[in-house]
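Residue 118 in full-length UniProt numbering is what sits at position 118 of the sequence shown, and the numbering runs on without skipping anything.
Even glycine gets a Cβ: it sits at the ideal position worked out from N, Cα and C.
Note that this is a predicted model, so its numbers are computed, not measured.
Step one of this worksheet: look at the structure below.
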Amino acid sequence: MKIKIILLLLLTYSFALDQNFEDFEQEYKNYQINDPLVNYNKAMTHFNMTLYTYGFRPILKAYDQVTPQFFRVGVKNFFDNLFSPMRFVGNVLQFKFENAGEEFKRFITNTIMGFGGLMDPASKMGLKKHPADLGTVLGHWGVGGGFHLVLPVLGPSNLRDTLTLPAIWYANPVSYIEPQWVSITISTYGFGNELSFKLDEIDEIYYNTPNLYPFLRDAYEQRRQELSK
1 MKIKIILLLL LTYSFALDQN FEDFEQEYKN YQINDPLVNY NKAMTHFNMT
51 LYTYGFRPIL KAYDQVTPQF FRVGVKNFFD NLFSPMRFVG NVLQFKFENA
101 GEEFKRFITN TIMGFGGLMD PASKMGLKKH PADLGTVLGH WGVGGGFHLV
151 LPVLGPSNLR DTLTLPAIWY ANPVSYIEPQ WVSITISTYG FGNELSFKLD
201 EIDEIYYNTP NLYPFLRDAY EQRRQELSK
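Have a look at this one:
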């Protein structure tokens, strides 16, 4: 059970990676956020930063150096294409039919012309990705985020988005692969490969941002509000 919970968090983080870290600073504003667990959240933010610094970062730096770029990009494209149907459904449930249509076109294009999603011809054709998940669907229809919550590994979240993790996991085709350890291995590898493309952005945020915790908290909450509109 603990392993599945961890994988739920890792999977949701792959959705978080759809949200470009470069957008965070542009969208950052000070406003009131429900944060009754502020002391816990600050401690967990410090834990995540330490885990990244001494765990994920050196491993992924080594992975980046020894793995050919085309291979990492292919894996990244494959997982992105795998999540496209979930983004399609998320946009439909928000009645964002134009976005849903573009996601559908992306999926068909990349699946057929991109050799099962290993390549991304859709982006070259101007078809944009439109992040959407169950949390943004609920937010769109008026369900508040609740209190802010920093999760192990994932970082910033809130009560609403955390409670959607099981549904997101079971909507992922990889979760149905048997035996379970294969599913866990594939999901973890996809998460790590995706994260390897974000090391510079994460370094910039973690090591060069004054008042790191409120910045991450406010940026996350505002980004989720923007996606829920």
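Val89 beta carbon less than 8 Å from that of Gly190: Mapped onto the sequence shown, residue 190 falls at position 190. Mapped onto the sequence shown, residue 89 falls at position 89. Going by C-beta atoms, Gly190 is not nearer than 8 Å to Val89.
Going by beta-carbon coordinates alone, are Gly91 and His130 separated by less than 8 Å? The residue you call residue 91 lines up with position 91 of the sequence shown. The residue you call residue 130 lines up with position 130 of the sequence shown. As written in the sequence, residue 91 is Asn, which differs from the Gly given in the question. Contact check for Asn91 against His130 passes: the beta carbons are separated by less than 8 Å.
Counting C-beta neighbours from all protein chains within 10 Å, is the total for Trp169 16 or more, i.e. buried, or is it exposed? To locate residue 169, count along the sequence shown from 1; it is residue 169. When all chains shown are included, Trp169 counts as buried.
Any alpha helix (DSSP H) of 4 or more consecutive residues that is wholly inside the region 38-111: Counting only runs of 4 or more, we get 38-51, 57-66, 69-82, 84-93.
Cβ-Cβ distance between Phe60 and Leu151 below 8 Å: For the purposes of this step, residue 60 is identified with residue 60 of the sequence shown, where counting begins at 1. For the purposes of this step, residue 151 is identified with residue 151 of the sequence shown, where counting begins at 1. Per the sequence shown, the amino acid found at residue 60 is Leu instead of Phe. Result no, Cβ atoms of Leu60 and Leu151 do not sit closer than 8 Å.
Pull up the DSSP beta-bridge partners for Asn208, would you. Within the sequence shown, numbered from 1, the residue matching residue 208 stands at position 208. Secondary-structure assignment with DSSP links Asn208 through no beta bridge to anything.
Whole angstroms is fine: what's the gap from Ala171's alpha carbon to Ile205's? Here the question's residue 171 lines up with position 171 in the sequence shown. Here the question's residue 205 lines up with position 205 in the sequence shown. Taking the straight line joining both Cα atoms gives about 31 Å.
So for Gly155, helix, strand or coil by DSSP? Translated into the one-based positions of the sequence shown, residue 155 becomes position 155. The three-state secondary structure of Gly155, taken from DSSP, is strand.
Check whether the region 95-102 and the region 43-60 touch, using three or more Cβ-Cβ pairs below 8 Å as the test. No, because fewer than three Cβ pairs between the region 95-102 and the region 43-60 fall closer than 8 Å, the two stretches do not touch.
For Met44, which residues from the same chain have a beta carbon less than 7 Å from its beta carbon, with the 5 sequence-adjacent residues on both sides left out? Here residue 44 refers to the residue found at position 44 of the sequence shown. Once the five neighbours on either side are set aside, the close Cβ partners of Met44 are Val150, Pro152.
Rounded to whole angstroms, what is the Cα-Cα separation between Phe95 and Ala219? Taking the sequence shown and counting its residues from 1, the one referred to as residue 95 is at position 95. Taking the sequence shown and counting its residues from 1, the one referred to as residue 219 is at position 219. Going by the C-alpha atoms only, they are around 25 Å apart.
Residues bridged to His148 by DSSP? By one-based count along the sequence shown, residue 148 stands at place 148. Note: His148 sits in a beta bridge opposite Asn158.
Between Tyr213 and Asn41, is the Cβ-Cβ spacing less than 8 Å? Residue numbering aside, residue 213 sits at position 213 when the sequence shown is read from its first letter. Residue numbering aside, residue 41 sits at position 41 when the sequence shown is read from its first letter. Against a cut-off of 8 Å, the Cβ pair of Asn41 and Tyr213 comes out as a contact.
Pro119 and Asn77: beta carbons closer than 8 Å? Taking the first residue of the sequence shown as 1, we reach residue 119 at position 119. Taking the first residue of the sequence shown as 1, we reach residue 77 at position 77. The sequence shown places Met at residue 119, not Pro. The answer is yes: Cβ separation under 8 Å.
Short of 6 Å in beta carbon distance, which residues of its chain neighbour Leu216, apart from the five on each side in sequence? Order them along the chain. Position 216 of the sequence shown, counting from 1, holds the residue named residue 216. Here the set comprises Pro156.
Could you tell me the distance, in whole angstroms, from the CA atom of Ile3 to the CA atom of Thr185? As a first step, residue 3 must be located in the sequence shown, where it is residue number 3. As a first step, residue 185 must be located in the sequence shown, where it is residue number 185. Interpretation of Ile3 is limited by its pLDDT of 41, a score under 50 that renders its predicted location unreliable; no figure is taken from the coordinates.
Starting from the C-beta of Ala132, find all residues in its chain whose C-beta is less than 6 Å away, skip the five residues before and the five after it, and write them out in chain order. Numbered from 1 along the sequence shown, position 132 holds the residue referred to as residue 132. Cβ neighbours of Ala132 beyond the five flanking positions: Arg87, Gly90, Asn91.
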